[in-house]
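In this note's numbering, the protein residues as written are 960 to 1434. Note that the Cβ used here is the ideal one computed from N, Cα and C, for glycine as well. Since the structure is predicted, the reported quantities are computational estimates derived from the model, not experimental observations. Worksheet: one structure, shown below.
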Ligand code: AMP
Ligand code: ZN
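Now the structure itself:
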């Protein structure tokens, strides 16, 4: 594994990353609340997390990634009041909360895939883990961290002296500003672990528990699912920066009090994507979501390209002009690659294909150093563009570097080209390519070489890339 540095919110400094059990990295990322479509701000955070996964792979780690789906318990107010977002979504659309959850989970996963994000290894839903949450609350109760009010069970933050440390909270000031509206809570920072169903209202999502019918608090969901799939202590936990003062602070408090272990060792937070009105919101009819961008003719990967141009810890302001520029830059990159692969096809058929060279390895090394330095994607992209302009380098070298970068920038360059080339291939050529892939899968190397030679005679060169075979027309 190569050296990797990450900015840890715990220490507010860049630290060398040390995995608990290298080469494995156990990672938890807070997933979407599926009461509505994701806005492109949410997507920026998921893109940063995908870059993290891909960069860790590049450094030689094996990442085990868990991302939850919040389909109950996330209330509209962080102060444990107001409606459950899922029930609110159900009322908005005249559907059941489960229908809403299923529909928006699928829509989120579609966006996630269009952006080229790798599917997590586990994608647990909160509603499938109520029992684990109840057990975690019971263990907190046994240790004396829980008290009961008329509307639920609360975590007593005064019993956890480190409570304010993670977010550097000024609890006295919070108390002074929030005395009104605290209800029966003992301290303004106390938070719900379990909420009782309201006495005169039938909730759509509610469960029996040792304390009465109700539903879990949002924070306990993530603790229970992270512990179940990653263990009591794991490597990295991520989310957007809004999670620092409440959600992640509360996850740390309840997990560490229940297990007496350090919960996550590195905490990473993405800065916000903002729009001209300030905070990104889902309240407008036509809010900024991926489908709106697509309807206006932008490609999802162009949005990815835009996000890569800013470091994840700097605020990124969204406007259409910068998306236009990203779309143009992305198209330019595809055009260059298309031209190059054509001429590489011709040259490659004479010289024996794309290879490595000092130019390629040196630039790979530089780009890796940028990524391993707290995911400095704007720098890595800058280095790539500089290298692609280098007049000393050959087209083969540039193509090789660009295709290599697709593993972590995930701009889908390979996919677009393979799609285009298969669209223009005749039936006979396609059949031979498939036969060759079958031969390769069955390790019949002589057959595979014979078909490759046959294809070359017909004017098609086959390149084997980590993503599969790519066919280039050479004459
Ligand atoms: P949610 O679906 O509201 O639970 O949020 C999903 C993720 O998006 C969380 O990690 C949030 O912290 C993050 N997030 C929310 N708003 C923004 C924004 N404007 N820019 C970047 N990330 C955001
Ligand atoms: Zn969470």
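- [ ] Quick one: residues in its chain with C-beta nearer than 6 angstroms to the C-beta of residue 1177, no 5 flanking neighbours on either side, listed in chain order?
- [x] 1032 and 1033
TODO: Could you name the residues of the same chain whose beta carbon sits closer than 7 angstroms to that of residue 1149, not counting the 5 residues immediately before and after it, in chain order?
DONE: 1113, 1114, 1115 and 1116
Open item on the list: Nearest by alpha-carbon distance to residue 1320: which of 1024, 1386 and 1360 is it?
Closed with: 1360
Open item on the list: Give me the residue from 978, 1216, 1387 and 1091 with the minimum Cα distance to residue 1101.
Closed with: 1216
Task: Neighbouring residues (CB closer than 5 angstroms to any heavy atom of the ligand ZN) - done: 989 and 1181
- [ ] Run the proximity test for residue 1335: is its beta-carbon closer than 8 angstroms to any non-hydrogen atom belonging to the ligand AMP?
- [x] no
Task: Any non-hydrogen atom of the ligand AMP within 8 angstroms of residue 1009 CB - done: no
Open item on the list: Between which two residues does the alpha helix (DSSP H) holding residue 1188 run?
Closed with: 1177 to 1189
Task: Sequence-distant residues of its chain with Cβ nearer than 7 angstroms to residue 960 (five each side left out) - done: 981, 982, 1018, 1019 and 1020
Open item on the list: For a minimum of 4 consecutive residues, which ranges assigned as the alpha helix (DSSP H) are wholly contained in the stretch 999 to 1055?
Closed with: 999 to 1017 and 1044 to 1052
TODO: May I ask which residues mark the beginning and end of the beta strand (DSSP E) holding residue 967?
DONE: 964 to 967
TODO: Give me the Cα-Cα distance between residue 1262 and residue 1236, rounded to the nearest whole angstrom.
DONE: 20 angstroms
Open item on the list: Taking 9 angstroms as the threshold (C-beta atoms), are residue 1126 and residue 1207 in contact?
Closed with: yes
TODO: Could you tell me whether the Cβ atoms of residue 1063 and residue 995 are closer together than 9 angstroms?
DONE: yes
Open item on the list: I need the DSSP call for residue 1229, collapsed to helix, strand or coil.
Closed with: strand
Task: Environment of residue 1121 [buried if 16+ CB atoms lie within 10 Å] - done: exposed
Task: Residue(s) in a DSSP beta bridge with residue 1155 - done: 1173
- [ ] State the Cα-Cα distance for the pair residue 1355 and residue 1299, rounded to the nearest angstrom.
- [x] 8 angstroms
Task: N-terminal and C-terminal residue of the alpha helix (DSSP H) that residue 1386 is part of - done: 1386 to 1400
TODO: Could you check what DSSP says for residue 1352 in three-state terms: helix, strand or coil?
DONE: coil
TODO: To the nearest angstrom, report how far apart residue 1163 and residue 1175 are at their CA atoms.
DONE: 13 angstroms
Task: Buried or exposed (CB count within 10 angstroms, at least 16 for buried), residue 1169 - done: exposed
Open item on the list: Less than 9 angstroms between the beta carbons of residue 1202 and residue 1228, yes or no?
Closed with: yes
TODO: Using the Cα positions of residue 1247 and residue 1334, report the straight-line distance between them to the nearest angstrom.
DONE: 26 angstroms
TODO: Could you spell out the range, first to last residue, of the beta strand (DSSP E) harbouring residue 1197?
DONE: 1193 to 1199
Open item on the list: By DSSP's criteria, residue 1063 is part of a beta bridge. Which residues make up the other side?
Closed with: BP columns for residue 1063 are empty, so no partner.
TODO: Name the residue from 1056, 1357 and 1278 whose alpha carbon lies nearest to the alpha carbon of residue 1316.
DONE: 1357
Task: Whole-angstrom distance between residue 1406 and residue 1251, CA atom to CA atom - done: 48 angstroms
TODO: Tell me whether residue 1230 counts as near the ligand AMP, meaning its Cβ is closer than 8 angstroms to at least one heavy atom of that ligand.
DONE: yes
Task: First and last residue of the uninterrupted alpha helix (DSSP H) at residue 1330 - done: 1317 to 1330
Task: residue 988 - DSSP class collapsed to helix/strand/coil - done: strand
- [ ] Indicate whether residue 1339 and residue 1368 have their beta-carbon atoms separated by less than 9 angstroms.
- [x] yes
Task: Alpha carbon of residue 1224 to alpha carbon of residue 1192, nearest angstrom - done: 8 angstroms
Open item on the list: Please give the ranges of any beta strand (DSSP E) in the stretch 1069 to 1156, keeping only runs that are unbroken, at least 3 residues long and fully inside the region.
Closed with: 1105 to 1107, 1111 to 1114 and 1150 to 1155
- [ ] Select from 978, 1007 and 993 the residue whose C-alpha is nearest the C-alpha of residue 1437.
- [x] Residue 1437 is absent from the structure shown; the chain starts at 960 and stops at 1434.
TODO: On a CA-only basis, which of 1391, 1190 and 1093 is nearest residue 1154? Give me that one, please.
DONE: 1093
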